[in-house]
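Contents: one structure, followed by commentary.
In UniProt numbering, the protein residues as written are 1 to 388.
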């Protein structure tokens, strides 16, 4: 017959009390043997089970955490993807296993999230591509759809070095960078729009070999003006040709793999540039058709160039009725060479058609400037005379 011996010792506090609060003994009265076994306070065990396994409020329970279960003497919690987690870690190997399981679960969840985003971006790109292939009467909407498609395709690229830009988007980015480099860098730094790096823009612009020196060659002479004429209407082709010079600070510079700054008619540095601009009489069209970098130019060389420009522009469809310059002595002598006797006059025979007149006009703004300077000089001399 077995009898229960009285409780021995003082119960310990803390988590260990859940497993061993007291020690009871069973005594066999026949054999005189004493059997000891650990016992648990049923009231405390019930309270702790209730607090650990109590259901959460609606919407608070994690979908990954399973209810608490007892495994031997240890309380375990099961999480999907990690496994069983004991409420107490006894060695470093168990801790390492748990941390590795948590890290692998985090990687799996992040991979699923990235795959979902990539799938949505591919779907958006497919829809935008279908919309861009449709024929829309509104050109602005079509351009906006193509721009959005370009941005979505750039978002699908994980590394910026692997980005590929369409020719239209490169042209748009180059124009924006040329208008305001600071605004371009700010817009790119915000991350709201995917734009090429400024170094990419510089490489694209430098690879396109357009310079005043290259335009002096026969094949490239007035190439921009010839393309511009094809976009003009008939009434816009009645133009006047304006000629002016700009003085520069002479210097050489290394740009785009070449040395720039040399004059077209001399190996020395350019000191001035001659600009030729056409202005339509019946519209607001105004464009530079030719630029000539020179160190120094005389009236005979300038007359030969001016005659060639007028003839070429007439051949591509323009109708030049007048030449406007300032009152510079070289410009006056250049225009006088159009006459049979070389003298200054307001009407000359047209180089493209001798039966037509070619008018020579002095820039009125320059004339007013000259009058103002003369009046200021006269007033200065008068004041000096009065003071003397």
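We put the CB at the ideal spot given by N, CA and C, even for glycine.
Sequence-distant residues of the same chain with beta carbon closer than 7 Å to residue i, five excluded per side
i, result
"residue 242", "277, 279 and 324"
"residue 176", "184"
"residue 104", "none"
"residue 327", "362, 366, 367 and 370"
"residue 261", "251, 252, 253, 269 and 270"
"residue 350", "356, 357 and 358"
"residue 136", "142"
Under 8 Å between C-beta atoms of residue i and residue j
i, j, result
"residue 305", "residue 292", "yes"
"residue 165", "residue 196", "yes"
"residue 222", "residue 288", "no"
"residue 346", "residue 367", "no"
"residue 163", "residue 145", "no"
"residue 174", "residue 204", "yes"
"residue 386", "residue 316", "no"
Residues near residue i in its chain [Cβ-Cβ closer than 6 Å; skip 5 each side]
i, result
"residue 265", "294"
"residue 140", "none"
"residue 384", "none"
"residue 348", "338, 339 and 358"
Whole-angstrom distance between residue j and residue i, CA atom to CA atom
i, j, result
"residue 64", "residue 95", "Note that residue 64 scores a pLDDT of 42, beneath 50, so its modelled location is shaky; the value from the coordinates is reported in the next line. Answer to the nearest angstrom: the Cα atoms are 20 Å apart."
"residue 356", "residue 250", "41 Å"
"residue 301", "residue 224", "22 Å"
"residue 50", "residue 93", "Since pLDDT at residue 50 reaches only 46, below the 50 mark, its modelled position is unreliable, and the value read off the structure follows with that caveat. Rounded to the nearest angstrom, the two C-alpha atoms are 31 Å apart."
"residue 169", "residue 178", "14 Å"
"residue 88", "residue 97", "14 Å"
"residue 329", "residue 335", "10 Å"
"residue 333", "residue 296", "15 Å"
"residue 148", "residue 187", "16 Å"
"residue 142", "residue 172", "15 Å"
"residue 189", "residue 202", "18 Å"
"residue 134", "residue 167", "20 Å"
"residue 91", "residue 182", "59 Å"
"residue 234", "residue 263", "36 Å"
"residue 116", "residue 180", "38 Å"
"residue 71", "residue 113", "Low local confidence applies: a pLDDT of 46 at residue 71 is under 50, so the model's placement there is unreliable, with the coordinate-based value given in what follows. About 35 Å."
"residue 376", "residue 303", "33 Å"
"residue 138", "residue 191", "29 Å"
"residue 378", "residue 364", "21 Å"
"residue 232", "residue 382", "53 Å"
"residue 275", "residue 267", "20 Å"
"residue 100", "residue 159", "28 Å"
"residue 380", "residue 298", "33 Å"
Neighbourhood of residue i by C-beta distance below 8 Å, restricted to the same chain and skipping five residues each side
i, result
"residue 273", "212, 245, 246, 248, 291, 292, 293 and 294"
"residue 236", "280, 282, 283 and 285"
"residue 124", "152"
"residue 118", "156"
Residue i versus the options, residue with shortest Cα-Cα distance
i, options, result
"residue 331", "344, 321 and 320", "344"
"residue 313", "101, 170, 269 and 227", "227"
"residue 353", "328, 364, 321 and 378", "321"
"residue 121", "348, 297 and 157", "157"
"residue 161", "137, 231 and 200", "200"
Three Cβ pairs or more, each shorter than 8 Å: is that satisfied between the segment 116 to 131 and the segment 145 to 158?
Verdict: yes, contact present.
(request) Decide yes or no for the touch test of the segment 309 to 316 against the segment 229 to 243: beta carbon pairs closer than 8 Å, at least 3 of them. (result) In the pairwise beta carbon analysis, the segment 309 to 316 is classified as touching the segment 229 to 243: at least three pairs are separated by under 8 Å.
Using a Cβ distance threshold of 8 Å, determine whether the segment 337 to 350 contacts the segment 372 to 385, with at least three qualifying pairs required. No, the segment 337 to 350 does not touch the segment 372 to 385.
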